[in-house]
Structure formats: structure tokens, C-alpha cells
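J.:
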Amino acid sequence: QLYEPIRSEIYRLSLEEAEIIKLCNNAFHGLKIGFANEIGRLCNNLNIDSQTIMRLICADQKLNISPAYLKPGFAFGGSCLPKDIRSLTAEARRLGVELPLLESVLPSNRLQVDLARRKVLQTGAQRVGVLGLSFKPETDDLRESPIISLIRDLWQDGLDVLVHDPDVKPEEMLGSNLEYLERQLPQIHRILRSEIEEVLEKSQIVIVAQKRPEFVCKLKELNRRVTILDLVRITDEPALLKRRQYRGMSW
Numbered sequence: 066q067l068y069e070p071i072r073s074e075i076y077r078l079s080l081e082e083a084e085i086i087k088l089c090n091n092a093f094h095g096l097k098i099g100f101a102n103e104i105g106r107l108c109n110n111l112n113i114d115s116q117t118i119m120r121l122i123c124a125d126q127k128l129n130i131s132p133a134y135l136k137p138g139f140a141f142g143g144s145c146l147p148k149d150i151r152s153l154t155a156e157a158r159r160l161g162v163e164l165p166l167l168e169s170v171l172p173s174n175r176l177q178v179d180l181a182r183r184k185v186l187q188t189g190a191q192r193v194g195v196l197g198l199s200f201k202p203e204t205d206d207l208r209e210s211p212i213i214s215l216i217r218d219l220w221q222d223g224l225d226v227l228v229h230d231p232d233v234k235p236e237e238m239l240g241s242n243l244e245y246l247e248r249q250l251p252q253i254h255r256i257l258r259s260e261i262e263e264v265l266e267k268s269q270i271v272i273v274a275q276k277r278p279e280f281v282c283k284l285k286e287l288n289r290r291v292t293i294l295d296l297v298r299i300t301d302e303p304a305l306l307k308r309r310q311y312r313g314m315s316w
């Protein structure tokens, strides 16, 4: 009777879920207001109409006003997001405009790398397999890939790492992309494996850093005790999620 007048889908949650979602909703609303106001302050100092800018931002319903990028997971990377955030905040500092919300984005992003590192170390594993090296599937662009930062951290911790990424072939890479790879991972030729089976067989923990159907199939076939640290929620299939050795990233 209480919900009968409501003409929308009804979700049944636990008390804890219902309580936190109310808080999260309002936090998200505050986050949006804070973002719009920071863009307004910056645009105002650049003699740009912030209303036009925000109207166009809201017009993008594929990425901006959509469920895109709104699932907990690993850190973002690539050649665009980190660079453009730095560009905005650097310009704001030059103008003396305070953007505390935008200034916090990259430090918060780095915390996800640190969290993944701690999760690996907590298992006590010494041999680590990584599935996926670039920041997304079907590219060999490795610029600012967060998994590279994680691998470097694990090396500093004295762990052995093997990597499989079907799109990353150093012998076919050129220019700045190859230079970046060899500068960040000078051991890449020693740790990169063309066959996923070798990585799975030799690892005590497998880090899943990309969503690929072929990765799901191989992980489901694992018949030995190996910890899976899933950074990307590669699947919702219970056969994988309910494994005793399965660990999610922020879920």
C-alpha cells in the first residue's frame, strides 16, 4: 500500500544498502554542483561562457550524462584523461583560480593503484600474472596505463611478474609509444608472454586488468588454487565470482 502510488521500478535493498544509497545520491549531487562551479570559476577567468560549456557537456549522453564510468574498479589512464586534467588544473593555478575538486582527481586515482598493490601483497604471493597491459583492450597505446604503475610497484616489492596482452607487441611498436614502454618497463621483453596459458600456469595470483571474453574463458578453466584479483569486473558469471580465491577491486 505504501508504494502503490509510485509508478516506477521498486528496488528491494538491505537496511545498510538503503541507508548508504541515500547518502551517495546526495554526495553525487554535491559532486556535480562542485564540478559545475569549478568549471564556472575557471571559465569566468578565461572570458568563456560557462553556461554554454556546461550545456554542451550535458548534451553528451553517451559518456557524460550516462552510466559510463560509474562502476567501481581500477584507476583510469591513457593519453587523454590524465593529461587534460593536468592541463585544466595547471591553467587554473596560473590564473590563481582554486579548483580543489579537480585537483583531487589524480591523487584519488593513484589511491586505486596503491589499493591494488596492497591487495596483492596481502596474499603473500611471489609470482604475479597480469592479463592486460594497455589501459583498455584493442590498443597498444600504453601511455599512462595504470597497470604499468602497479607492475613497477610490485617489482619494487621484489615480486616476479609475467604479462600477457595480445595487442602489445614491442617488435611492432614505433616512436614515442615504444620509448615510453621501454622507459617505464625496461624488462618488458623478459616478462611479456604471447601465450596466456604460460602466465596462468606460473602465477600464484592473476591480476585481470582488461575486459576480454577470452580472458573469462581461460580463468574459468583454471583448475588449481590461484588467486584472481579482478580490477575490471570482467564478468558477472557466478562460476568465476564465487571462487574462493576470487578478489574484486572495491567490491
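Numbers given in the numbering used here equal positions in the sequence shown, counted from 1, plus 65. Backbone N, C-alpha and C define an ideal beta-carbon position, used for all residues, glycine too. Bear in mind the structure is a predicted one, so any value in this text is a computation, not a measurement.
1) Please report the Cβ distance between E103 and L167, rounded to the nearest whole angstrom; I am assuming they are in contact, meaning their Cβ atoms lie under 8 Å.
2) Considering D295, what are the terminal residues of the alpha helix (DSSP H) in which it resides?
3) Please determine, among P211, N90, K234 and R72, the residue with the shortest C-alpha to C-alpha distance to L135.
4) Buried or exposed: S131, going by 16 or more other Cβ atoms within 10 Å of its Cβ?
5) Closest to R289 by C-alpha separation, out of R298, E266 and L306, would be which residue?
6) Quick one: using the 10 Å Cβ neighbour count with 16 as the cut-off for buried, is D125 buried or exposed?
7) Under a Cβ-count criterion, where at least 16 other Cβ atoms within 10 Å of its own Cβ denotes burial, should G223 be classed as buried or exposed?
8) Counting C-beta neighbours from all protein chains within 10 Å, is the total for R175 16 or more, i.e. buried, or is it exposed?
9) Per DSSP, what kind of secondary structure is Y245 in: helix, strand or coil?
10) Short of 8 Å in beta carbon distance, which residues of its chain neighbour C108, apart from the five on each side in sequence? Order them along the chain.
11) Can you name the start and end residues of the alpha helix (DSSP H) that V228 belongs to?
12) Is it true that the stretch 301-310 meets the stretch 134-150, where meeting means three or more beta-carbon pairs spaced less than 8 Å apart?
T.: In short:
1) 6 Å
2) Run containing D295: none in the alpha helix (DSSP H); it sits in the beta strand (DSSP E), T292 to D295.
3) N90
4) exposed
5) E266
6) exposed
7) exposed
8) exposed
9) helix
10) D114, S115 and I118
11) Unbroken run through V228 is the beta strand (DSSP E), D225 to H229; no alpha helix (DSSP H).
12) no
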